[in-house]
Amino acid sequence: MLTLGWTGGVASGKTTALELLGKIARLDVFEADRLGHKLLREPWIRDAVVELCGRDILDGGGEIERGRLGRMVFADRELLVRYNNLIHPPLIESVRAAVEEARNRSDAEAFVVDAALIFEWGIGRLFDAVVAVRAAQGLALRRLLREGLTEIEARQRLNSQLREEVKVQRADFVIINDNDLEALERRVWFLWEHQLAPLKRARAT
Numbered sequence: 059m060l061t062l063g064w065t066g067g068v069a070s071g072k073t074t075a076l077e078l079l080g081k082i083a084r085l086d087v088f089e090a091d092r093l094g095h096k097l098l099r100e101p102w103i104r105d106a107v108v109e110l111c112g113r114d115i116l117d118g119g120g121e122i123e124r125g126r127l128g129r130m131v132f133a134d135r136e137l138l139v140r141y142n143n144l145i146h147p148p149l150i151e152s153v154r155a156a157v158e159e160a161r162n163r164s165d166a167e168a169f170v171v172d173a174a175l176i177f178e179w180g181i182g183r184l185f186d187a188v189v190a191v192r193a194a195q196g197l198a199l200r201r202l203l204r205e206g207l208t209e210i211e212a213r214q215r216l217n218s219q220l221r222e223e224v225k226v227q228r229a230d231f232v233i234i235n236d237n238d239l240e241a242l243e244r245r246v247w248f249l250w251e252h253q254l255a256p257l258k259r260a261r262a263t
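The following block contains the structure:
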């Protein structure tokens, strides 16, 4: 079984690309970004985040409203760093444990960790390979605007992550997502058939 890190900047289309890969290969997917959302509902994490950011991030039911939280932390770089220092360690530990467990039990063709911050977390070496999905910043910006963010909010999110050029340099394989869905599907197919599947076979020998 192949272990893959699957990453890309905000609005790069990495999740769509991974869904397309799932139609070609038998995958076991660990969604680190979604786990981060679940962690915010854990009482000790919730209380620590509220202490850091204030009660304005809570909704009427006393739960963290991720939209408010995102607008706050992405607008303040120092606050974002403090928030990341709080939320990222348990996420990284969960990823490490999931990869180890998958190596022992998964019967999938590939175990994939879908995470935007693989390189920022310094966990690239956990995997047989890391795939980065890249979209030009202008295209990613337009996608974020379509999702309802203001231009300022969209640029704050784009600027909060490692530059796309750096991710591309560090990744083992890159998918350029600069066209339509059909083009992306072809590129994902090529990635599996000509790069990842041969790597999987080589690892098995």
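Adding 58 to a residue's 1-based position in the sequence shown gives its number in the numbering used here. Glycine is no exception: its CB is placed at the ideal position from the N, C-alpha and C atoms.
Exercise. Taking the C-alpha atoms as reference points, what is the distance between residue 209 and residue 197?
Worked result: As a first step, residue 209 must be located in the sequence shown, where it is residue number 151. As a first step, residue 197 must be located in the sequence shown, where it is residue number 139. The alpha-carbon atoms of residue 209 and residue 197 are separated by roughly 13 Å.
Exercise. Do residue 168 and residue 63 have their C-beta atoms within less than 8 Å of each other?
Worked result: One-based indexing of the sequence shown puts residue 168 at position 110. One-based indexing of the sequence shown puts residue 63 at position 5. Cβ atoms of residue 168 and residue 63: not closer than 8 Å.
Problem set entry | For residue 152 and residue 93, believed in contact at Cβ under 8 Å, the rounded distance | Residue numbering aside, residue 93 sits at position 35 when the sequence shown is read from its first letter. Residue numbering aside, residue 152 sits at position 94 when the sequence shown is read from its first letter. At roughly 6 Å, the Cβ-Cβ gap stays under 8 Å, so residue 93 and residue 152 are in contact.
For this session: Take residue 222 and list the residues in its own chain whose beta-carbon comes closer than 6 Å to its own, dropping the five residues that flank it on each side.
Result: Here residue 222 refers to the residue found at position 164 of the sequence shown. 67 and 192.
Exercise. Of the choices 177, 195, 252 and 242, whose alpha-carbon is the least far from that of residue 220?
Worked result: In the sequence shown, residue 220 corresponds to position 162, counting from 1. Here the closest residue by C-alpha is 177.
For this session: Assuming residue 182 and residue 228 form a contact by the criterion Cβ under 8 Å, report the distance between their Cβ atoms to the nearest whole angstrom.
Result: Translated into positions along the sequence shown, residue 182 becomes position 124. Translated into positions along the sequence shown, residue 228 becomes position 170. That pair is a contact at about 6 Å.
Exercise. Taking all protein chains shown into account, do 16 or more other C-beta atoms lie within 10 angstroms of the C-beta of residue 225, making it buried, or fewer, making it exposed?
Worked result: One-based indexing of the sequence shown puts residue 225 at position 167. With 16 or more Cβ atoms within 10 Å of its Cβ, residue 225 is classed as buried.
Exercise. According to DSSP, is residue 68 helix, strand or coil?
Worked result: Taking the first residue of the sequence shown as 1, we reach residue 68 at position 10. In the structure shown, residue 68 sits in coil (DSSP, three-state: anything other than H, G, I, E or B).
Exercise. From which residue to which residue does the alpha helix (DSSP H) around residue 145 run?
Worked result: As a first step, residue 145 must be located in the sequence shown, where it is residue number 87. From DSSP, the alpha helix (DSSP H) with residue 145 extends over 135-163.
Exercise. So, residue 14 versus residue 86, is the Cβ gap smaller than 8 Å?
Worked result: Residue 14 lies beyond the stretch modelled for the chain, which goes from 59 to 263, so this question has no answer here.
Exercise. Who does residue 168 pair with in a DSSP beta bridge?
Worked result: As a first step, residue 168 must be located in the sequence shown, where it is residue number 110. Beta-bridge pairing links residue 168 to 60 and 85.
Problem set entry | Spatial neighbours of residue 84 in its chain, beta-carbon cut-off 6 Å, leaving aside the 5 residues before and after | Position 26 of the sequence shown, counted from the first residue, corresponds to residue 84. Contacts found: 166 and 167.
Exercise. Do the region 99-119 and the region 199-206 touch if we need at least three Cβ pairs shorter than 8 Å?
Worked result: no
For this session: Give me whichever residues DSSP pairs with residue 187 in a beta bridge.
Result: By one-based count along the sequence shown, residue 187 stands at place 129. Its beta-bridge partners are 62.
For this session: Pull up the distance between the alpha-carbon of residue 114 and that of residue 231, whole angstroms please.
Result: Translated into positions along the sequence shown, residue 114 becomes position 56. Translated into positions along the sequence shown, residue 231 becomes position 173. Those two C-alpha atoms are separated by around 41 Å.
For this session: Tell me, please, which residues DSSP counts as bridged to residue 232.
Result: Residue 232 sits at position 174 when you count from the first residue of the sequence shown. Residue 232 pairs with 190.
Exercise. Can you list, in chain order, the residues of its chain whose CB lies under 8 Å from that of residue 199, leaving out five sequence neighbours each side?
Worked result: The sequence position of residue 199 within the sequence shown is 141, counting from 1. Closer than 8 Å at Cβ, skipping near neighbours: 69, 209, 212, 213 and 216.
Problem set entry | CA nearest to the CA of residue 73, picked from 257, 246 and 252 | Position 15 of the sequence shown, counted from the start, is the residue given in the question as residue 73. The shortest C-alpha separation from residue 73 is found at 246.
Exercise. Can you round the beta-carbon distance between residue 189 and residue 234 to whole angstroms, since I take them to be within the 8 Å contact cut?
Worked result: Sequence index remark: in the sequence shown, residue 189 carries index 131 (1-based). Sequence index remark: in the sequence shown, residue 234 carries index 176 (1-based). Not confirmed; about 12 Å, so no contact.
Exercise. DSSP beta-bridge partners for residue 116?
Worked result: Taking the sequence shown and counting its residues from 1, one reaches residue 116 at position 58. Note: residue 116 sits in a beta bridge opposite 122.
Exercise. Are the Cβ atoms of residue 261 and residue 60 separated by less than 8 Å?
Worked result: The residue you call residue 261 lines up with position 203 of the sequence shown. The residue you call residue 60 lines up with position 2 of the sequence shown. It is a contact, given that the beta carbons lie within the stated cut-off.
Exercise. Can you give the Cα-Cα distance for residue 161 and residue 258, rounded to whole angstroms?
Worked result: By 1-based counting over the sequence shown, the position of residue 161 is 103. By 1-based counting over the sequence shown, the position of residue 258 is 200. If you take the alpha carbons of residue 161 and residue 258, they lie about 13 Å apart.
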